[in-house]
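So that you can map any letter, position 75 of the sequence shown is 300 in our numbering, and since no number is skipped, the others follow by simple counting. Ideal Cβ placement from N, Cα and C applies to all residues, glycine included. All values reported here derive from a predicted model rather than from experimental measurement.
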Amino acid sequence: MPKIIVHKDQCKGCELCNSACPQKILGMSKDFNTKGYFYAAVLDQPRCIGCRLCAINCPDVAIEVGVHGTQYNFFPY
Ligand code: SF4
Ligand code: SF4
Numbered sequence: 226m227p228k229i230i231v232h233k234d235q236c237k238g239c240e241l242c243n244s245a246c247p248q249k250i251l252g253m254s255k256d257f258n259t260k261g262y263f264y265a266a267v268l269d270q271p272r273c274i275g276c277r278l279c280a281i282n283c284p285d286v287a288i289e290v291g292v293h294g295t296q297y298n299f300f301p302y
């Protein structure tokens, strides 16, 4: 099963990932990150199809997607 990791402190709350997800399984947290933004959150992980559109559309490289043992968009800061 694909796994989504949101690096919450890199997120600026733009919601582009929410719009990009064809499964509409992303939303926004009710908490602030260290920058003071509501950050992206995965609401229904089992329905993820591993398309990576969330990660591709994130301007801040805040989303990492693991598909079949490969990590995409993994840039350690
Ligand atoms: S990988 Fe695709 S289906 Fe999964 S959360 Fe990202 S955009 Fe949605
Ligand atoms: S696209 Fe990136 S910066 Fe924008 S809300 Fe999603 S994770 Fe955060």
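TODO: Might you give, ordered along the chain, the residues of its own chain that have their beta carbon closer than 8 Å to the beta carbon of cysteine 274, omitting 5 neighbours on each side?
DONE: Before going further, note that residue 274 is isoleucine rather than cysteine in the sequence given. Answer for isoleucine 274: Pro227, Pro247 and Gln248, listed in chain order.
Open item on the list: Quick check: arginine 277 and tyrosine 297, are their CB atoms within less than 8 Å of each other?
Closed with: When the beta-carbon positions are compared, arginine 277 and tyrosine 297 come within less than 8 Å of each other.
Open item on the list: Judging by CA-CA distance, which residue of Met253, Leu268 and Gln270 is the nearest neighbour of tyrosine 262?
Closed with: With distances taken between Cα atoms, tyrosine 262 lies closest to Met253.
Open item on the list: Let me check you understand the geometry: is the CB of valine 231 closer than 7 Å to at least one non-hydrogen atom of ligand 2?
Closed with: For ligand 2, at least one heavy atom lies less than 7 Å from the Cβ of valine 231.
- [ ] Using beta-carbon positions only, say whether glutamine 235 and alanine 280 come within less than 8 Å of one another.
- [x] In this structure, glutamine 235 sits away from alanine 280, with a CB-CB distance that is not shorter than 8 Å.
Open item on the list: Could you compute how far the alpha carbon of phenylalanine 299 sits from the alpha carbon of glutamate 289?
Closed with: If I take the Cα positions, the gap works out to 6 Å.
Open item on the list: For isoleucine 281, report the span of its alpha helix (DSSP H) as first-last.
Closed with: That run of the alpha helix (DSSP H) goes 278-282.
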